[in-house]
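Protein chains in written order, with full-length UniProt numbering: chain Y, 1 to 164; chain E, 1 to 386; chain V, 1 to 69.
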Amino acid sequence: MELVTPSIGLVFWTTLTFVLLIMLLSKFAWKPIVAALNDREKSIEDALNAAEKAKEELSRLNVESDKLIKAARVERDKMLKEAKTLSDSLIHEAKVQAHAEGAKMIAKAHHEINNQKLAALAEVKNQVGALSIQIAEKILRKKFADAKEQEALVTELLKDVKLN
Amino acid sequence: MRFNPLFLKKTIILSSFFAIFSICSPNAKANSEGVDSAKHAAEHTEQVAEGHEDAHGKEGEFNATETIMEHISDSHDWHLWGDKSFGLPVILKTDAGLVHFNSEEFHHDNEGSHVVEANGQRFVRFENKVYYASETANEKGQYLAFVGEHPTNGKPLDFSITKNVASMFLSAILLLLIFTSIASSYKNREGKAPKGFQSLLEPIIVFVRDEIARPNIGHRYVGYMPFLLTIFFFIWINNLIGLVPIFPGGANLTGNIAVTFTLGVISFLVVSFSGNKYYWKHIFAPDVPWWLYPIMLIVEIIGVLSKPFALIVRLFANITAGHIIVLSLISLIFIFKTMAIAPVSIGFVLFMYVLELLVAFLQAFIFTMLTALFIGTAVEEHHHYD
Amino acid sequence: MIGSIAAIGAGLAVIGAGLGIGRIGGSAMEGIARQPEAASKIQTAMIIAAALVEGVALFGVVVALLGTR
Chain Y
1 MELVTPSIGL VFWTTLTFVL LIMLLSKFAW KPIVAALNDR EKSIEDALNA
51 AEKAKEELSR LNVESDKLIK AARVERDKML KEAKTLSDSL IHEAKVQAHA
101 EGAKMIAKAH HEINNQKLAA LAEVKNQVGA LSIQIAEKIL RKKFADAKEQ
151 EALVTELLKD VKLN
Chain E
1 MRFNPLFLKK TIILSSFFAI FSICSPNAKA NSEGVDSAKH AAEHTEQVAE
51 GHEDAHGKEG EFNATETIME HISDSHDWHL WGDKSFGLPV ILKTDAGLVH
101 FNSEEFHHDN EGSHVVEANG QRFVRFENKV YYASETANEK GQYLAFVGEH
151 PTNGKPLDFS ITKNVASMFL SAILLLLIFT SIASSYKNRE GKAPKGFQSL
201 LEPIIVFVRD EIARPNIGHR YVGYMPFLLT IFFFIWINNL IGLVPIFPGG
251 ANLTGNIAVT FTLGVISFLV VSFSGNKYYW KHIFAPDVPW WLYPIMLIVE
301 IIGVLSKPFA LIVRLFANIT AGHIIVLSLI SLIFIFKTMA IAPVSIGFVL
351 FMYVLELLVA FLQAFIFTML TALFIGTAVE EHHHYD
Chain V
1 MIGSIAAIGA GLAVIGAGLG IGRIGGSAME GIARQPEAAS KIQTAMIIAA
51 ALVEGVALFG VVVALLGTR
């Protein structure tokens with residue numbers, strides 16, 4: 001019975017102590033502690049969010065740079081290919097040109113040679129003509145008196161020329 | 001408590017002695033109108049004999065019930081060890097105003113036989129209660145008049161700083177020191193990770209917030225946080241201080257009905273004052289046929305009152321029971337009067353102590369949890385009666 | 001005599017509470033085994049229910065205590 005009968009003094013002191021404790025602790029302890037906890041939680045959450053955002057940004061940038069690199073690579077390949085084609089075509093052109101030039105030169109040379117040959121032949125013919133005139137002159141001079149003989153000779157000579 | 005058969009045997013012996021004594025006493029009273037000194041001496045011897053029987057005497061038989069009761073109940077002195085103790089202020093609200101003196105002045109008397117005079121008034125102490133002393137001593141040297149076992153003398157209102165009150169002040173100072181220092185470290189290390197003592201208590205504060213307040217009260221938990229935190233840490237630290245067996249601890253504060261009663265009433269007041277119209281409507285105008293109102297009203301009011309009552313009794317009974325079990329196990333050594341039982345006894349006591357550490361936390365948790373739950377039902381917005 | 005009757009009363013109260021808390025604990029275990037992810041919620045509910053049962057038992061014990069003196 002005594003154990004379960006509250007004594008007035010203890011009730012009084014407990015009330016006093018507890019109410020004072022609530023007031024003092026809420027003012028000097030709980031308020032700053034709870035506020036600090038909330039603030040810190042908020043800042044941690046913010047930091048986490050920021051990190052998440054940064055990560056996203058980074059991955060976005062990564063994708064972008066990958067894309068850029070890929071594009072650059074494609075561009076480079078294209079450029080290389082173009083250059084190669086260009087050089088190939090240039091070489092080819094040069095070759096063709098060289099060929100043509102060569103062929104032209106050869107043809108020219110042939111032509112020249114032909115011309116020269118013809119000129120030489122013409123000269124030979126001229127010289128032979130002159131020679132034969134000289135011969136004819138000499139013969140004429142020698143055998144002019146004898147007209148028969150002359151005639152025979154001219155005929156013979158002409159025969160000779162015809163042979164040529 | 002008196003449930004142990006051994007204690008019961010003692011009680012039976014004691015009560016049979018009292019029965020014999022009470023048969024004798026009318027005779028004695030009739031004869032001792034003039035206070036015969038010889039008679040008085042005889043009575044005194046008898047009282048000493050009773051002391052032996054009652055195990056009050058030093059060489060008397062060990063009385064476990066008495067020892068345990070002494071340990072779990074409040075007292076005006078703070079007992080240290082052996083017969084060493086120190087006095088605490090006794091503050092009495094008498095009809096003639098406040099009176100205060102040191103409890104040493106009772107000279108450890110708890111039988112009502114040593115009169116203390118203060119402010120022209122005379123007081124005696126009997127079984128940890130202060131009474132106005134009678135003019136003359138009775139046949140046992142007590143300045144009290146009895147009917148049966150209980151004195152009929154008037155009692156002043158006792159606002160003494162008893163052992164429990166002193167222990168409570170200690171715990172309050174400890175709480176203030178601990179939490180203001182933690183608050184300042186929160187200020188100094190703003191936004192940084194907790195350190196030292198701060199990191200020990202922070203999870204518990206967060207626990208109270210996230211496991212007790214928020215799920216039970218809802219979004220309006222912020223306003224109740226100071227109350228819940230205070231009640232939680234107050235109960236917990238007092239449970240723990242009560243478990244410390246040496247000097248600054250050992251007061252069975254949270255196992256005292258007055259303390260738990262006050263806490264329960266405060267919790268009840270907080271719940272009632274935060275009750276919204278839905279809560280009160282549910283109690284005073286529930287959606288039932290009108291002829292059920294008389295019954296429903298009684299049921300609801302009992303329901304409302306039984307909640308804090310359960311809180312009060314639960315804390316009181318759990319902590320007191322823990323103390324009683326530990327003390328009973330220790331008492332085994334003295335009951336059997338052999339050291340051989342000591343290892344068993346101490347083993348069990350250690351086990352109980354570990355369990356009590358858990359209970360200390362658990363009871364603080366349950367008290368706070370249920371208070372939060374009741375607040376939650378009181379502030380809940382939408383009740384649907386279908 | 002009153003003391004022993006009170007003791008029997010307290011004992012009866014404890015039997016009831018023991019049965020009740022045992023059932024609560026057992027059911028909570030089953031619930032946790034079935035849904036381990038809901039363990040914390042079940043634990044909270046279990047503690048509250050156990051506390052309520054215990055409260056009733058404590059009434060019995062208090063009445064028994066009242067009877068001792």
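Don't be surprised by glycine CBs; every beta carbon is placed ideally from N, CA and C.
Distance CB(residue i)-CB(residue j) smaller than 7 Å
i	j	result
E/A118	E/V99	yes
E/I312	E/E300	no
E/L157	E/G112	no
E/V208	E/L229	yes
E/V115	E/A133	yes
E/A364	V/L58	no
V/A13	E/I366	no
E/L64	E/S331	A small fix is needed here, since residue 64 of chain E is Ala in this sequence, not Leu. Cβ distance < 7 Å, so E/A64 and E/S331 count as in contact.
residue 388 of chain E	E/M296	Residue 388 of chain E falls outside the range modelled here, since chain E spans only 1 to 386, and no answer is possible.
E/T260	E/L315	yes
E/I91	E/F159	yes
E/S171	E/A251	no
Y/V11	E/T94	no
E/I333	E/A340	no
E/D74	E/K163	yes
E/V165	Y/W13	yes
E/E356	E/L243	yes
E/A360	V/G55	no
E/P329	E/F348	The residue you asked about is not Pro; residue 329 of chain E is Leu in the sequence shown. Their beta carbons are under 7 Å apart, which means E/L329 touches E/F348 by this criterion.
E/P308	E/F273	no
Y/P32	E/A137	no
V/V53	V/G20	yes
E/T67	Y/F28	no
Y/A36	E/Y186	yes
V/A49	V/I24	yes
Proximal residues to residue i (C-beta, below 6 Å), its chain only, five neighbours per side dropped
i	result
V/G9	A64
E/V77	The residue you asked about is not Val; residue 77 of chain E is Asp in the sequence shown. Hits under 6 Å: S85, G87, S103.
E/E59	Its pLDDT being 49, under 50, E/E59 is placed unreliably by the model, and the measurement read from it follows with that caveat. None.
Own chain residues within Cβ distance below 7 Å of residue i, not counting five before or after
i	result
E/G275	A378
E/F247	L80
V/I32	A39, I42
V/G16	A57
Proximal residues to residue i (C-beta, below 8 Å), its chain only, five neighbours per side dropped
i	result
E/I212	L228, F232, F365, T368, M369, A372
V/A7	A64
Residue i: CB within 6 Å of a non-hydrogen atom of the ligand SAH
i	result
E/V326	Annotation note on the ligand SAH: not contained in the displayed structure, which lists no ligands.
Contacting positions in the segment 30 to 44 of chain Y - beta carbon closer than 8 Å to chain E: Residues passing the 8 Å Cβ filter: W30, K31, P32, I33, V34, A36, L37, D39, R40, S43.
Residues of the segment 186 to 199 of chain E whose Cβ lies closer than 7 Å to any Cβ of chain Y, in chain order: Residues of the segment 186 to 199 of chain E that bring their beta carbon within less than 7 Å of a beta carbon in chain Y comprise Y186, K187, E190, G191, in sequence order.
The segment 217 to 225 of chain E / the segment 368 to 375 of chain E touching (three or more Cβ pairs under 8 Å): Contact between the segment 217 to 225 of chain E and the segment 368 to 375 of chain E is present, because at least three Cβ pairs lie under 8 Å.
Cβ contact (3+ pairs, closer than 8 Å) linking the segment 312 to 329 of chain E and the segment 252 to 261 of chain E: By the Cβ criterion, the segment 312 to 329 of chain E is in contact with the segment 252 to 261 of chain E, since at least three pairs of Cβ atoms, one from each stretch, lie closer than 8 Å.
Three or more C-beta pairs below 8 Å linking the segment 183 to 198 of chain E and the segment 220 to 238 of chain E: With the cut-off at 8 Å, the segment 183 to 198 of chain E and the segment 220 to 238 of chain E do not touch.
Every unbroken alpha helix (DSSP H) within the segment 1 to 36 of chain Y, with a cutoff of 4 residues, ordered by chain: Taking only runs of at least 4 residues, the alpha helix (DSSP H) segments lying wholly in the segment 1 to 36 of chain Y are 8 to 25.
4-residue-minimum alpha helix (DSSP H) runs that sit fully inside the segment 64 to 129 of chain Y, ordered along the chain: The qualifying runs do not exist here; there are none.
Where the segment 142 to 170 of chain E meets chain Y: residues whose CB sits under 9 Å from a CB there: Among the residues of the segment 142 to 170 of chain E, those with a Cβ less than 9 Å away from any Cβ of chain Y are L157, D158, F159, S160, I161, T162, N164, V165, M168, F169, in the order of the chain.
Minimum length 3: unbroken beta strand (DSSP E) runs contained in the segment 93 to 171 of chain E: Runs found: 97 to 102, 116 to 118, 121 to 126, 129 to 132.
Contacting positions in the segment 256 to 289 of chain E - beta carbon closer than 9 Å to chain Y: When CB distances to chain Y are screened at a threshold of 9 Å, the residues of the segment 256 to 289 of chain E falling below it are N256, I257, A258, V259, T260, F261, T262, L263, V265, I266, in chain order.
Within 9 Å of chain Y by C-beta, residues of the segment 61 to 77 of chain E in sequence order: Going along the segment 61 to 77 of chain E in chain order, one finds M69, I72, S73, D74 with a Cβ nearer than 9 Å to chain Y.
Residues within the segment 200 to 216 of chain E neighbouring chain Y, beta-carbon criterion of under 8 Å: Near chain Y, meaning a CB-to-CB distance below 8 Å, the residues of the segment 200 to 216 of chain E are E202, I205, V206, R209.
Contact residues within the segment 42 to 55 of chain V, judged by C-beta distance below 8 Å to chain E: Listed by position, the residues of the segment 42 to 55 of chain V near chain E (Cβ gap below 8 Å) are T44, I47, I48, A51, L52, E54, G55.
Those runs of the beta strand (DSSP E) which lie wholly inside the segment 323 to 365 of chain E and span at least 3 residues: Listed in chain order, nothing qualifies, since the segment 323 to 365 of chain E has no complete beta strand (DSSP E) run of 3 or more residues.
Those runs of the beta strand (DSSP E) which lie wholly inside the segment 271 to 302 of chain E and span at least 3 residues: Under the rule that a run must span 3 or more residues, no beta strand (DSSP E) segment is found entirely inside the segment 271 to 302 of chain E.
The segment 179 to 191 of chain E touching the segment 119 to 128 of chain E, judged by at least three CB pairs closer than 8 Å: The segment 179 to 191 of chain E and the segment 119 to 128 of chain E do not touch, with fewer than 3 CB-CB distances between them shorter than 8 Å.
Chain V contacts from the segment 298 to 324 of chain E (Cβ-Cβ distance under 7 Å): Of all residues in the segment 298 to 324 of chain E, only A310, V313, R314, A317 come within less than 7 Å of chain V when Cβ atoms are compared, listed by chain position.
Contact list for the segment 225 to 248 of chain E against chain Y, Cβ threshold 7 Å: When C-beta distances to chain Y are compared with 7 Å, the residues of the segment 225 to 248 of chain E below that value are M225, P226, F227, L229, T230, F234, in chain order.
Chain E contacts made by the segment 49 to 80 of chain Y, where a contact means CB separation under 8 Å: Here the close residues number zero.
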